[in-house]
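S.K.: Sharing a structure below in structure tokens format, with a few things to ask.
Chains as they are written, first to last, in this note's numbering: chain W, 1 to 171; chain D, 1001 to 1411.
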């Protein structure tokens, strides 16, 4: 017989599965399709990040898609109010797995200095968040840093929707 | 030549009318927003459409209500500046200046000349960033992505210079009651002059890209026309009102700061359509550049804050070395600036029009009530009537040119 690439041993099978997952993750992390959920001031900085000087395209997250069904990275850019929360949840639910979420700015992370009846204390009240970016608004460099951090997490299968996938099923 | 077939119910051709092919007679309701690329994420429009035509629109703002007015009641007058930054976050300095002028009117103080010039300079820089963003975003929404990148490049230069001055790229909080936080940096003058020259180049480039661009013109021209009388009736101010032929600019008609010492023209449109709104904004940027150049020529060294320990913080060296200055510092930080009881309405020319602050003081360091007359909220109320009868695609330039800023509109 020719090549003995596959065996029936569980360890070897897991090893191949890991390699396949690593390859998939490598592909995923450099082709993030962003859904910018822009609500407030941070949107101005999001524009700067996307425009020529900071150019998020260099990091493999170039393409903003305005349909949640076509995107895999949800960027929550700005304050989420109690009224906006259900909308955000619905957008998140419409996204296909695997998906990642970045809370852009201090309002999306904790509510910032809007501690009142209207502003939600962080977008993680309604959706799970992978990376939080502090700052009001954060500098574009900070956003790029967060993106690189997220890419590292994606490679390690540590994104919130990847964790279940990464654990081999227990028998 | 096209032949028109007439189907009559009950006749022999009625069999052709499949139930699935029959077009429904009732109107279709569609939702635009609150998450839509051109709705800036913060507004919802429920449209009744007949084919592609908008029959009725229900515009629902309020998705970015962050309680500016309520939070202001719990903050000292100085602590309100960060909140004003986030009202119209495209031109934060103009809001800073507007609020400072309202409180200074209550206090009855006049800021030093240099401070007034600085406020005009930073305000006009903010106005340019506002219009750059507005035109850039609108151009992108109607498909001209190149113009967006060009304009954003120029905006980035302004942010960099404002960052050198105030320490923050976007939310500056640079103005204080009775003055500004710090003096202009040493090389501010040559940098700004250089920046203005470069910006003029960008504007000329964008002009060639957009003004005679056939697609852009067809999307903009004749769309959502508002007559001068309607503009007055709706309460339009700023670029929107001026595009409709309303010759009203607070800087010209009720001069504040040093606007009466500089020469500038107020552009006025003829048709009141979206294209005029674009042209007015382009011209306003050129006028702002003109104002900035004159201010740089006229500005003289001098104090940047009023010399009154009840209003401005004392110098740090004095705070550490004298008891009087330390007490003044402590009282200003903890209690805030004591504003005598009274109420006032002060209005300035913001990025979108007349930006008014109505402040009621009760003698303590915190305002009793702060109300904002936000120009784009006033303009937004006219949106249903502007898009009624228009096509769905006309909503995008109309909404873009109203330049609704969520923070300012919903407060």
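All C-beta atoms, glycine included, are put in the ideal place defined by N, C-alpha and C.
Take residue 1353/D and list the residues in its own chain whose beta-carbon comes closer than 6 Å to its own, dropping the five residues that flank it on each side.
M.R.: Counting only Cβ-Cβ distances below 6 Å, and skipping sequence neighbours, we find 1237, 1238, 1375.
S.K.: Over what stretch of residues does the alpha helix (DSSP H) that includes residue 1110/D continue unbroken?
M.R.: No alpha helix (DSSP H) holds residue 1110/D; DSSP gives it neither H nor E.
S.K.: State yes or no: is the C-beta of residue 154/W within less than 9 Å of the C-beta of residue 133/W?
M.R.: Going by C-beta atoms, residue 154/W is not nearer than 9 Å to residue 133/W.
S.K.: What are the residues of the region 40-68 of chain W that lie near chain D, defined by any Cβ-Cβ distance shorter than 9 Å?
M.R.: Answer set for the region 40-68 of chain W: 40, 41, 42, 43, 44, 45, 47, 48, 50, 51, 52, 53, 54, 64, 66, 68.
S.K.: Does the beta carbon of residue 1090/D sit closer than 9 Å to a beta carbon anywhere in chain W?
M.R.: Yes, residue 1090/D lies at the interface with chain W (some Cβ there is under 9 Å from its Cβ).
S.K.: So who's on the other strand from residue 1282/D, going by DSSP bridges?
M.R.: According to DSSP, which records beta bridges pairwise, residue 1282/D is partnered with nothing at all.
S.K.: So, at 7 Å on beta carbons, what are the nonlocal neighbours of residue 1380/D in its own chain, with the 5 sequence-adjacent residues on each side left out?
M.R.: Excluding sequence neighbours, residue 1380/D sits near 1059, 1061, 1402, 1404, 1409.
S.K.: Once you ignore the five residues that flank residue 1294/D on each side, which residues in its own chain have a CB closer than 6 Å to its CB?
M.R.: Contacts found: 1262.
S.K.: Determine, using beta carbons only, whether residue 1194/D comes closer than 9 Å to chain W.
M.R.: No, residue 1194/D lies away from the interface with chain W (no Cβ there is under 9 Å from its Cβ).
S.K.: Would you say the region 1275-1295 of chain D touches the region 1135-1147 of chain D, given that touching needs at least three Cβ pairs under 8 Å?
M.R.: Contact holds: three or more Cβ-Cβ distances are below 8 Å.
S.K.: Residue range of the beta strand (DSSP E) that residue 1212/D falls in?
M.R.: No beta strand (DSSP E) holds residue 1212/D; DSSP gives it neither H nor E.
S.K.: Excluding the five sequence neighbours on either side, which residues of its own chain have a C-beta within less than 7 Å of the C-beta of residue 61/W, listed in chain order?
M.R.: If we look at residue 61/W and ignore the five residues flanking it on each side, its Cβ neighbours are 32, 34, 73, 147.
S.K.: Let me know the beta strand (DSSP E) ranges lying completely inside the region 37-119 of chain W, each 3 residues or longer, listed in chain order.
M.R.: DSSP runs (the beta strand (DSSP E)) wholly in the region 37-119 of chain W: 73-77, 100-104.
S.K.: Just verifying my parser: in three-state terms, what is the DSSP assignment at residue 1235/D?
M.R.: Note: residue 1235/D maps to coil in three-state DSSP.
S.K.: Quick one: what's got a C-beta closer than 6 Å to residue 1099/D's C-beta in the same chain, skipping five residues either side?
M.R.: The answer, listed in chain order, is 1084, 1357.
S.K.: For residue 1073/D, report the span of its alpha helix (DSSP H) as first-last.
M.R.: Segment 1068-1073, the alpha helix (DSSP H) holding residue 1073/D.
S.K.: Assuming residue 1258/D and residue 1244/D form a contact by the criterion Cβ under 8 Å, report the distance between their Cβ atoms to the nearest whole angstrom.
M.R.: 29 Å between Cβ atoms; not a contact.
S.K.: Taking 9 Å as the CB-CB cut-off, is residue 1147/D touching chain W?
M.R.: Not one chain W Cβ lies under 9 Å of residue 1147/D.
S.K.: Any C-beta of chain D within less than 7 Å: which residues of the region 80-106 of chain W qualify?
M.R.: So the list reads 81, 83, 84, 87, 91, given in the order they occur along the chain.
S.K.: Counting contacts by CB-CB distance shorter than 9 Å, is residue 119/W in contact with chain D?
M.R.: Closer than 9 Å: yes.
S.K.: For residue 1388/D, report the span of its alpha helix (DSSP H) as first-last.
M.R.: Taken as a continuous stretch (DSSP letters only), residue 1388/D belongs to no alpha helix (DSSP H), as it is neither H nor E.
S.K.: For residue 1393/D and residue 38/W, I'd like the C-alpha separation in whole angstroms.
M.R.: The straight-line gap from Cα to Cα measures roughly 21 Å.
S.K.: Mind pulling the chain W residues with CB within less than 9 Å of residue 1397/D?
M.R.: Here the premise fails: no neighbours, minimum Cβ distance about 17 Å.
S.K.: Of all Cβ atoms in chain D, is any one closer than 9 Å to the Cβ of residue 1/W?
M.R.: Reliability of the predicted coordinates at residue 1/W is poor, the pLDDT of 49 falling under 50, and no value is obtained from them.
S.K.: One question on the structure: do residue 1174/D and residue 1093/D come within less than 9 Å of each other, judged by their Cβ atoms?
M.R.: In contact: residue 1174/D and residue 1093/D (Cβ atoms closer than 9 Å).
S.K.: Can you tell me which residues form a DSSP beta bridge with residue 1140/D?
M.R.: DSSP lists no partner for residue 1140/D.
S.K.: Identify every run of the alpha helix (DSSP H) within the region 1290-1324 of chain D, keeping only runs that are complete inside it and at least 4 residues long; order them along the chain.
M.R.: Counting only runs of 4 or more, we get 1316-1321.
S.K.: Report the neighbours of residue 137/W on chain D: residues whose CB is nearer than 8 Å to its CB, in chain order.
M.R.: Under the 8 Å cutoff, chain D gives 1169, 1170, 1171.
S.K.: Which first and last residues belong to the beta strand (DSSP E) in which residue 1056/D is found?
M.R.: First-last of the beta strand (DSSP E) with residue 1056/D: 1053-1060.
S.K.: With 9 Å as the C-beta to C-beta threshold (strictly closer), list the residues of the region 16-34 of chain W near chain D in chain order.
M.R.: Flagged: no residues at all.
S.K.: How would you call residue 1164/D, buried or exposed, if buried means at least 16 neighbouring beta carbons within 10 angstroms?
M.R.: Burial call: exposed.
S.K.: Would you call residue 1001/D buried or exposed, if buried means 16 or more other Cβ atoms sit within 10 Å of its Cβ?
M.R.: Bear in mind that the predicted position of residue 1001/D carries a pLDDT of just 46, short of 50, making it too unreliable to give a figure here.
S.K.: Pull up the DSSP beta-bridge partners for residue 154/W, would you.
M.R.: Looking at the DSSP assignment, residue 154/W forms no beta bridge with any residue, so it has no partner.
S.K.: Which one of 112/W, 97/W, 58/W, 130/W has the shortest CA to CA distance from residue 75/W?
M.R.: Ranking 112/W, 97/W, 58/W, 130/W by Cα distance to residue 75/W puts 130/W first.
S.K.: Going by Cα to Cα distance, which pick from 1135/D, 1292/D, 1247/D is closest to residue 1270/D?
M.R.: Among 1135/D, 1292/D, 1247/D, the Cα nearest to that of residue 1270/D belongs to 1247/D.
S.K.: Output, in chain order, the set of chain W residues within a Cβ distance shorter than 9 Å of residue 1082/D.
M.R.: Within chain W, the residues near residue 1082/D are 113, 136.
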